[in-house]
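A quick write-up on the structure given underneath.
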Amino acid sequence: MRIGITGVAGFIGSHLADAFLLRGDEVVGVDNLSMGSLANIEHHRENPRLRFHELDVRDLDAMRAAFRSVDRIVHLAAFKIPRYGNAIETLEVNNLGGRNVLEIARDGQRRVVLASTSDVYGKNPGVPFREDSDSLIGPSTIPRWSYAVSKLFDEHLAFAYQATHGVPITILRFFGSYGPRQHLSWWGGPQSVFISAILRDEPMEIHGDGMQSRSFTYISDLVDGIVRATDFDGMPAALFNLGNTVEITILELARLIKELCDTPHELKLKRVPYSSLGKYEDVMRRVPDISLARRVLGFDPRVDLRTGLGTTIAWQRKAMAMPPAGSLASEGRGHA
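In numbering that gives the first Met the number 0, the protein residues as written are 0 to 335.
Written as structure tokens, this is what we have:
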């Protein structure tokens, strides 16, 4: 197949491109490089089955031209939780990007695989979350919820396009992905920031008391689930959780990462009260029920957290020590 991927130069997008190219598919990837890096797809520089376009998903005409001949579209490009601002960009990118992808697929012949997030479950205390669990979103005065709301809008819009225009859709709710090529800021998740802090002998920031829990999904497991979902044609509209079901507190995660980094200095923690983050609310537990994805897609995460973190730490040591790699941009290759 010829697969269109938005956010192809990002963490998840680049690994997904690897998987499709490895099995012989063609990939048409787009990215505006605001958060992604061409270094993530540099190893495909000479691969004729990858076509890259540097563009913004908010540009419908450019998107339509790039994806005019693809068989499926996997929409990954998004802005995440606006911890320190950018709520407008989060809402705009996620709204217009999702709408443009669905518009392109209005001919009804191309399935859209839409990346959503576990954040849509909000403050619902009823873990593990099933796909039909309620969304319990905090007040609109808290900017943190703009991400969840934008993704919920994407989901509703996708179901509406399926019902009105016959666009086949598959929505995937991701839970805490990590691994090589992850972003080295909070954008990449707490594990990324914790690894950097330990390797630099700096304190790890623990928001609140650290007893909030998460489940973390190694990138190869997540990509396996996305590939299975992209191949899936069993329903005109489908919704799946993709994640690992093992739960760990943020404090336990910090201690595990310190152990695996095996550095000589002592564990250093810096407690950061939520009040210091401005108007911000956290989610106390986030664990998926993946029984539907197991039954329908055959999705079954295989990489345990200790193993996945070990590989990730080894990669991050090298990433922090190396200068930025060269880029496809220097060749002017495949730009829209």
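Beta carbons are placed, not taken as given, at the ideal position from N, Cα and C, and that holds for glycine.
As the structure is a prediction and not an experimental result, all values here were calculated from the model.
Notebook entry, point to check: Going by alpha carbons, who is nearest to D288 out of D223, F239, I218 and A16?
Noted result: F239
Checklist line | P138 classed as buried or exposed, judged by whether at least 16 other C-beta atoms fall within 10 angstroms | finding: exposed
Next item on the list: Taking 8 Å as the cut-off, decide whether the C-beta atoms of D153 and G97 are in contact.
Entry: yes
Notebook entry, point to check: Hey, which unbroken runs of the alpha helix (DSSP H) at 4 residues or more fall wholly within the stretch 157 to 212?
Noted result: 189 to 198
Next item on the list: Pick out whichever of P81, R105 and R1 has its Cα sitting closest to the Cα of A159.
Entry: R105
Item checked: Alpha carbon of P189 to alpha carbon of I249, nearest angstrom -> 8 Å
Check: For V245, does the count of other Cβ atoms within 10 angstroms reach 16, so buried, or fall short, so exposed?
Finding: exposed
Notebook entry, point to check: What is the rounded straight-line gap between the Cα of Y146 and the Cα of L20?
Noted result: 31 Å
Note to self: So, under 8 Å CB-CB, T262 and I197 are touching, yes? Tell me the CB distance rounded to an integer number of Å.
What the structure shows: 6 Å
Checklist line | Near the ligand HEM: I197 beta-carbon under 7 Å from a heavy atom | finding: By its list of ligands, the structure shown contains no ligand whatsoever, and the ligand HEM lies outside what it can speak to.
Check: Taking C-alpha atoms, which residue in H52, V226 and K269 lies nearest to M203?
Finding: K269
Next item on the list: Measure the alpha-carbon distance for S290 versus A236 and round it to whole angstroms.
Entry: 18 Å
Check: Do W186 and M34 have their C-beta atoms within less than 8 Å of each other?
Finding: yes
Notebook entry, point to check: DSSP three-state call for G325: helix, strand or coil?
Noted result: For G325, the predicted model reports a pLDDT of 42, less than 50, meaning its position is unreliable and no value from the coordinates is stated.
Notebook entry, point to check: Are the stretch 45 to 54 and the stretch 78 to 94 touching by the rule of at least three beta carbon pairs closer than 8 Å?
Noted result: no
Next item on the list: Using DSSP bridges, identify the partner residues of T116.
Entry: F173
Next item on the list: Return helix, strand or coil for E25, following the three-state DSSP convention.
Entry: strand
Check: Cα separation between S274 and I141?
Finding: 12 Å
Next item on the list: State yes or no: is the C-beta of A364 within less than 8 Å of the C-beta of D17?
Entry: Residue 364 is absent from the structure shown; the chain starts at 0 and stops at 335.
Check: Out of curiosity, what's the CA-to-CA distance linking L151 and V192?
Finding: 27 Å
Check: Which term fits M62, buried or exposed, when burial requires 16 or more other beta carbons within 10 angstroms of its beta carbon?
Finding: buried
Check: So V271 is in the beta strand (DSSP E); what residue range does that whole segment cover?
Finding: L268 to V271
Checklist line | Selected residue, minimal CA-CA separation from D340, among I256, Y120 and G297 | finding: This structure cannot settle anything about residue 340, because the visible part of the chain is limited to 0 through 335.
Next item on the list: Could you work out which residue in R67, R57, I72 and V111 is closest to N93 when comparing CA atoms only?
Entry: R57
Check: Between the C-alpha atoms of A162 and L156, what's the straight-line distance to the nearest angstrom?
Finding: 10 Å
Checklist line | Residue(s) in a DSSP beta bridge with G121 | finding: L135
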